[in-house]
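A.B. asks:
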Amino acid sequence: MNPAVGLAAFLGVALATAAIGFYGLRISRTTGDFYVASRTVRPWWNASAIGGEYLSAASFLGVAGLILLTGTDALWFPVGYTAGYLMLLLFVAAPLRRSGAYTIPDFTEARLESKAVRRVTSLVVVAVGWLYIVPQLQGAGLTIRISTGLPSWVGSIAVVAVVCVTVVAGGMRSITFVQAFQYWLKLTALAVPAVFLLLNQAGGGSPVLAEASSNPTGLPAAGLYQTVSLLVALLFGTLGLPHVLVRFYTNPDGQSARRTTLIVLGLLSVFYLFPTASGLLGRVFAPGLARSGRPDALVLLLPGKLLGGVPGDLLSALVVAGAFAAFLSTTSGLVVSLAGVISQDHLGGSVRGFRVAALLAAAVPLAFAFTTDSMALAGSVGLVFAFTASTICPVLVLGIWWRGLSDAGAIAGMLTGAVLCGGALVSSTIIGSAAPGWIAQPAAWTVPAAFAVMVLVSRATKHRVPGTVTRLMTRLHVPERPVATERQLR
Amino acid sequence: MPDFPLVTAAAIAVIVLAVAVVVGVGLKVIRSFRELGTDAERATYQTLHAASRAGQHLRTGLHAAGAAKASKQLRSLLGCDALAITDTESVLAWDGAAEELKAVLMELASGVLSDGRTVVVPASHALNAVVAPIRAGNRVVGAVAAFAPQTGAGLVRATSELADWVAVQVELAELDASRTLLMEAEVRALRAQISPHFIYNSLNAIASFINTDPARARELVVEFADFTRYSFRRHGDFTTLAEELRSIDRYLLLEKARFGERVQVSLRIAPEVLSTVIPFLSLQPLVENAVRHGLEAKEGPGHITICANDSGAFAEVTIEDDGVGIDPEHLRSVLAGHADGDHVGLRNVDARLRQVYGDEHGLVIETAPGEGTLITIRVPKSQPSHDA
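In order, the protein sequences belong to chains A and B.
Under the working numbering, the first residue of the first sequence carries the number 2, and numbering increases by one thereafter.
Under the working numbering, the first residue of the second sequence carries the number 13, and numbering increases by one thereafter.
(1) Cβ atoms of residue 131 of chain B and residue 143 of chain B: under 8 angstroms apart, would you say?
(2) Can you pull the chain B residues whose beta carbon is under 8 angstroms from the beta carbon of residue 111 of chain A, in chain order?
(3) Buried or exposed for residue 181 of chain A, going by 16 or more other Cβ atoms inside 10 Å?
(4) Answer with buried or exposed for residue 298 of chain B, where buried requires no fewer than 16 other C-beta atoms within 10 angstroms of its C-beta.
(5) Any beta carbon from chain A within less than 8 angstroms of residue 287 of chain B's own beta carbon?
(6) Measure from the C-beta of residue 81 of chain B to each C-beta in chain A and report whether the shortest distance is under 8 angstroms.
(7) Name, please, each residue of chain B whose Cβ falls closer than 7 angstroms to the Cβ of residue 345 of chain A.
(8) Is there at least one Cβ from chain A nearer than 8 angstroms to residue 393 of chain B's Cβ?
(9) Determine whether the Cβ of residue 322 of chain B lies closer than 8 angstroms to any Cβ atom of chain A.
(10) Considering just the uninterrupted stretch of the beta strand (DSSP E) at residue 255 of chain B, what are its terminal residues?
(11) Residues bridged to residue 378 of chain B by DSSP?
(12) Three-state secondary structure (DSSP) at residue 401 of chain B?
(13) So, is the C-beta of residue 364 of chain A closer than 8 angstroms to a C-beta in chain B?
(14) Do residue 135 of chain A and residue 363 of chain A have their C-beta atoms closer together than 8 angstroms?
(15) Using 8 angstroms as the threshold, is the C-beta distance between residue 399 of chain B and residue 356 of chain A below it?
(16) List the residues of chain A whose Cβ lies closer than 8 angstroms to the Cβ of residue 378 of chain B, in chain order.
(17) Taking the alpha carbon of residue 366 of chain B as the point to measure from, which residue in B/392, B/311 and B/112 has its own alpha carbon closest?
(18) Candidates A/4, A/78 and A/235: which alpha carbon is nearest residue 148 of chain A's?
(19) Can you tell me which of A/438, A/284 and A/200 puts its alpha carbon nearest to the alpha carbon of residue 425 of chain A?
(20) Give the single residue among B/320, B/292 and B/207 whose Cα lies nearest to the Cα of residue 267 of chain B.
(21) Determine which residues share a DSSP beta bridge with residue 106 of chain B and list them.
(22) Taking all protein chains shown into account, decide if residue 296 of chain B is buried (16 or more other Cβ within 10 angstroms of its Cβ) or exposed.
(23) Could you name the residues of chain B that residue 1 of chain A contacts, counting a contact when the two beta carbons are closer than 8 angstroms?
(24) In the DSSP assignment, the beta strand (DSSP E) including residue 333 of chain B goes from what residue to what residue?
(25) What does the Cβ neighbour count give for residue 396 of chain A, buried or exposed, with the cut at 16 atoms within 10 Å?
(26) Pair every Cβ in the segment 155-168 of chain A with every Cβ in the segment 395-411 of chain A, then say whether three or more of these pairs are closer than 8 angstroms.
(27) So with Cβ pairs under 8 angstroms, would you call residue 164 of chain A a contact of chain B?
(28) For residue 276 of chain B, which of helix, strand or coil comes out of DSSP?
(29) What separation, rounded to the nearest whole angstrom, lies between the Cα atoms of residue 266 of chain A and residue 70 of chain A?
(30) Mind checking if residue 284 of chain B is an interface residue toward chain A, Cβ cutoff 8 angstroms exclusive?
(31) Leaving out five residues before and five after residue 380 of chain B in sequence, what residues of the same chain have Cβ atoms less than 7 angstroms from its Cβ?
(32) Return no unless some Cβ of chain B is closer than 8 angstroms to the Cβ of residue 257 of chain A.
(33) Could you work out which residues of chain B lie near residue 177 of chain A, taking near to mean beta carbons separated by less than 7 angstroms?
(34) Is the Cβ of residue 101 of chain A closer than 8 angstroms to any Cβ of chain B?
(35) Is there contact between the segment 150-157 of chain A and the segment 268-288 of chain A, where contact requires at least three CB pairs shorter than 8 angstroms?
(36) Does the segment 185-197 of chain A come into contact with the segment 405-412 of chain A, if we say contact requires no fewer than three beta-carbon pairs (one atom in each stretch) closer than 8 angstroms?
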């Protein structure tokens, strides 16, 4: 691949992101347009923004790579990532929007009236955020290496630098529009090459798709337990992702939060058609990549390999741009929400504190990304989901749907989930590929364990259930008071 | 091993450092014990410490939860076998032995509660009780009962002193409560203050359109109705930024009817903060101030810019005009409540913001005579306890 193409794509995305961030809403409006300005973001925009923030390196590069490696087993990843939104729609979106709490620690503190719960929750949220940023940075390293030949750390540092500069300089003012733009960029960047290559190969009368069922690596298929555990992690993990929840506050009420989630489901389903298609194409035409040990690079390399020449370069540039959109959007979303949590809890909530916190939120995962060896992107993000599902998800679901949750129960449950799931993840990393299935994919037992501990300890400490629970529950579950009726003059 | 000496040196350095730290901390701890002073000083300290701890628990008034915690501290002050605190209805807290006497305590205390005099009564065959009234103002609001085998004059005096001390705490709590009520009343009073001038001017402006442009006059009357409906609403002390902006839009439309093209407004609103909860009518007075004192007094057209931005965990709203500005000294005295007159609306909003979100969230005003005015508000986006 031509290095200049990769660099140009990266610079283009970075500039576009910064430009939309800084100038997206600088257009002055006069009173005539007041209603346009004061109307909240349309569910469509907001749904695109959520999609943009949610589709990370794992979805953009990882899913296709996993399909290349393991075939149909990997299809569970896109299924889980999308269906997680169904859970969000059913259990969390509307009540959380109504709660008025802006971050998960805010919510737990308001629900359980306990500073201790808040501290534990923010620790967990920060840990989840950091763990989630690491694969994004590793993906950026991989992309920069493949597309320009520069060392990987250049990519990680470039992403962190762009995110820090825009966040610290206040460039996230119109974050909704930035993220919405990134969604459509990502979709285009995968869809155009995939469709193009499919048409091209279909016209060329090349091998039939049936060959896609061949297994280039000879890896054994995943067992039932692994699949179930993965699905539990992805379904429940989506509920607790800090950067996704914040987006719902752009909706004016719980009702539109639900509608937004519904659109997100559609947008994600459309998006995941294309990594799947790319993975299939890879299996048929480039099975060699699976054995090279870098299946995550499949999406990046495919256009050059199948087309070559100028069209190949152009398509590659598009894919690289999409990949960086994925790293930038997820990383900036996470950095903003982590900075909010860190600055509020430890730096007094000032503007300066927020900036320091933003730097901190990006620097720590950067150090992690340098010191740890990257694994398959989709896999490592799946582990973060498992951790979230075992810690934040139980406290959210029980907090919203069960009056009996007490602060002691919440803390005990979160710690249990964190210790069990964290322990399993660490030991599976130490043992390596020889780790038994129940340690490599712990969600199927750590999530129920966290729920059980939370319920049991809450039962035992009934007297600690706050007295305001009825008021808060009403607020969470009763639809908002309708806004004073608008006259239909305009 | 080639670097063996290096490792040894490092290990020794670490050990020496650790020992130094331990010795240093140890010395400090020992010294701090020695510095605690004589027995009398320590006893004074302990008494005051127990009293202040108990005082904290009674800060919310005579309630079961606070009284239970306070009674532990108070019993250690009196050194009696058991100590109980009651209100006029029931026993709030019991600390110490012989809890079976709880059932008869209200009977023992009934005389004290009605005539407010300290009594010594036998509570059981082993224990006597000193029951002293808690007098807040000129009412008896409860009683403190101390139980001991022998009740000498010392215990009686100490118990009634203790009851008086508890009474002071209760009075403090009542003071706190009435201060909160006062603040709430102040907020209510500060709340919807649409200036009568505005109503008069708007109606006049509308009247001038009735003949020349009836359609516009009709539209303006409807806007006026909607504006007053929002501003005079009774429920809720909070609203969303979106609703407040909508009301400002109506307000500006009416002002424009009067000033024509002299008032120019531009807006830059980040959609992320539209659902932020803010105190009811906290922006409209600022915009009104910008129109009234910034532009009205000025020659030629004036420009008002309203921005709302997402800033981490906060939403930041700025209102800027290029009018005549305010003398900072005068503004300071208005905000401090020393001067009345022109900018009372600002003081009102400032006071409410400080009361709701704390002193660091008051208005930030940048202004100078002839230089226009820039007002900034920062409110937390997360306010689960406030219903919009």
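Glycine is no exception: its CB is placed at the ideal position from the N, C-alpha and C atoms.
C.D. replies: Well, looking at it:
(1) In the second sequence, the residue the question calls residue 143 of chain B occupies position 131. In the second sequence, the residue the question calls residue 131 of chain B occupies position 119. Yes. Within cutoff.
(2) If you number the first sequence from 1, residue 111 of chain A lands on position 110. Proximity of chain B to residue 111 of chain A at the Cβ level (cut-off 8 angstroms) is accounted for by 396 and 397, in chain order.
(3) On the first sequence, residue 181 of chain A is found 180 positions in, with the first residue counted as 1. Its Cβ being crowded by 16 or more others within 10 Å, residue 181 of chain A is buried.
(4) Within the second sequence, the letter at position 286 stands for residue 298 of chain B. With 16 or more other Cβ atoms inside 10 Å of its own Cβ, residue 298 of chain B counts as buried.
(5) Indexing the second sequence from 1 puts residue 287 of chain B at position 275. Yes - at least one Cβ of chain A is within 8 angstroms of the one on residue 287 of chain B.
(6) Counting from 1 along the second sequence, the entry for residue 81 of chain B is found at position 69. Output row for residue 81 of chain B: interface = no.
(7) The residue labelled residue 345 of chain A in the question sits at position 344 within the first sequence. Near residue 345 of chain A (Cβ distances below 7 angstroms), the residues of chain B are 325.
(8) In the second sequence, residue 393 of chain B corresponds to position 381, counting from 1. By this cut-off, residue 393 of chain B is an interface position.
(9) Counting from 1 along the second sequence, the entry for residue 322 of chain B is found at position 310. Chain A, which has a Cβ nearer than 8 angstroms to the Cβ of residue 322 of chain B, makes this yes.
(10) In the second sequence, residue 255 of chain B corresponds to position 243, counting from 1. Run containing residue 255 of chain B: none in the beta strand (DSSP E); it sits in the alpha helix (DSSP H), 253-271.
(11) The residue labelled residue 378 of chain B in the question sits at position 366 within the second sequence. Answer by DSSP bridge pairing, in chain order: B/386.
(12) Outside the displayed span of chain B (13 to 400) sits residue 401 of chain B, for which this structure offers no information.
(13) Walking along the first sequence from the start, residue 364 of chain A turns up at place 363. Residue-level contact by beta carbon fails for residue 364 of chain A and chain B, as no gap is shorter than 8 angstroms.
(14) For the purposes of this step, residue 135 of chain A is taken as the residue at position 134 of the first sequence. For the purposes of this step, residue 363 of chain A is taken as the residue at position 362 of the first sequence. For the 8 angstroms CB-CB criterion, residue 135 of chain A and residue 363 of chain A do not form a contact.
(15) The count along the second sequence starts at 1 and reaches residue 399 of chain B at position 387. The count along the first sequence starts at 1 and reaches residue 356 of chain A at position 355. No, these two residues do not count as a Cβ contact at 8 angstroms.
(16) In the second sequence, the residue the question calls residue 378 of chain B occupies position 366. Simply none; closest approach about 15 angstroms.
(17) Working through the second sequence from its first residue, we reach residue 366 of chain B at position 354. For residue 366 of chain B, the closest alpha carbon among the candidates B/392, B/311 and B/112 is that of B/392.
(18) Taking the first residue of the first sequence as position 1, residue 148 of chain A is located at position 147. Nearest C-alpha to residue 148 of chain A: A/4.
(19) By 1-based counting over the first sequence, the position of residue 425 of chain A is 424. Comparing Cα-Cα distances from residue 425 of chain A to each of A/438, A/284 and A/200, the minimum goes to A/438.
(20) Counting from one through the second sequence, the residue named residue 267 of chain B turns up at place 255. With distances taken between Cα atoms, residue 267 of chain B lies closest to B/207.
(21) Here residue 106 of chain B refers to the residue found at position 94 when the second sequence is read from its first residue. Residue 106 of chain B pairs with B/96.
(22) Looking up residue 296 of chain B in the second sequence gives position 284. By the neighbour-count rule (16 or more Cβ atoms within 10 Å), residue 296 of chain B is buried.
(23) Outside the modelled stretch of chain A, which goes from 2 to 491, sits residue 1 of chain A, for which no answer is possible.
(24) As a working note, residue 333 of chain B is residue 321 in the second sequence. Counting along the chain, the beta strand (DSSP E) containing residue 333 of chain B begins and ends at 326-333.
(25) Residue mapping note: residue 396 of chain A aligns to position 395 of the first sequence, counting from 1. Burial of residue 396 of chain A is indicated by the presence of at least 16 other C-beta atoms within 10 angstroms of its C-beta.
(26) The segment 155-168 of chain A makes no contact with the segment 395-411 of chain A; the number of CB pairs closer than 8 angstroms stays below 3.
(27) Along the first sequence, one-based indexing puts residue 164 of chain A at 163. It does not: the Cβ of residue 164 of chain A has no partner Cβ on chain B nearer than 8 angstroms.
(28) The sequence position of residue 276 of chain B within the second sequence is 264, counting from 1. Note: residue 276 of chain B maps to strand in three-state DSSP.
(29) Along the first sequence, one-based indexing puts residue 266 of chain A at 265. Along the first sequence, one-based indexing puts residue 70 of chain A at 69. Looking at the two C-alpha atoms, the distance is approximately 26 angstroms.
(30) Along the second sequence, read from residue 1 onward, the residue named residue 284 of chain B stands at position 272. Answer yes: the Cβ-Cβ gap between residue 284 of chain B and chain A drops below 8 angstroms somewhere.
(31) Along the second sequence, one-based indexing puts residue 380 of chain B at 368. Within the same chain, residue 380 of chain B has close Cβ partners 337 and 340.
(32) Locating residue 257 of chain A in the first sequence gives position 256, where the first residue counts as 1. Chain B, which has no Cβ nearer than 8 angstroms to the Cβ of residue 257 of chain A, makes this no.
(33) Along the first sequence, read from residue 1 onward, the residue named residue 177 of chain A stands at position 176. Residue 177 of chain A reaches chain B at 283 and 284, counting residues in chain order whose Cβ is nearer than 7 angstroms.
(34) Indexing the first sequence from 1 puts residue 101 of chain A at position 100. Yes, residue 101 of chain A lies at the interface with chain B (some Cβ there is under 8 angstroms from its Cβ).
(35) Using a C-beta cut-off of 8 angstroms, the segment 150-157 of chain A makes no contact with the segment 268-288 of chain A, since fewer than three inter-stretch Cβ pairs fall below that distance.
(36) As far as the Cβ criterion goes, the segment 185-197 of chain A does not touch the segment 405-412 of chain A, which means the pair count is below three.
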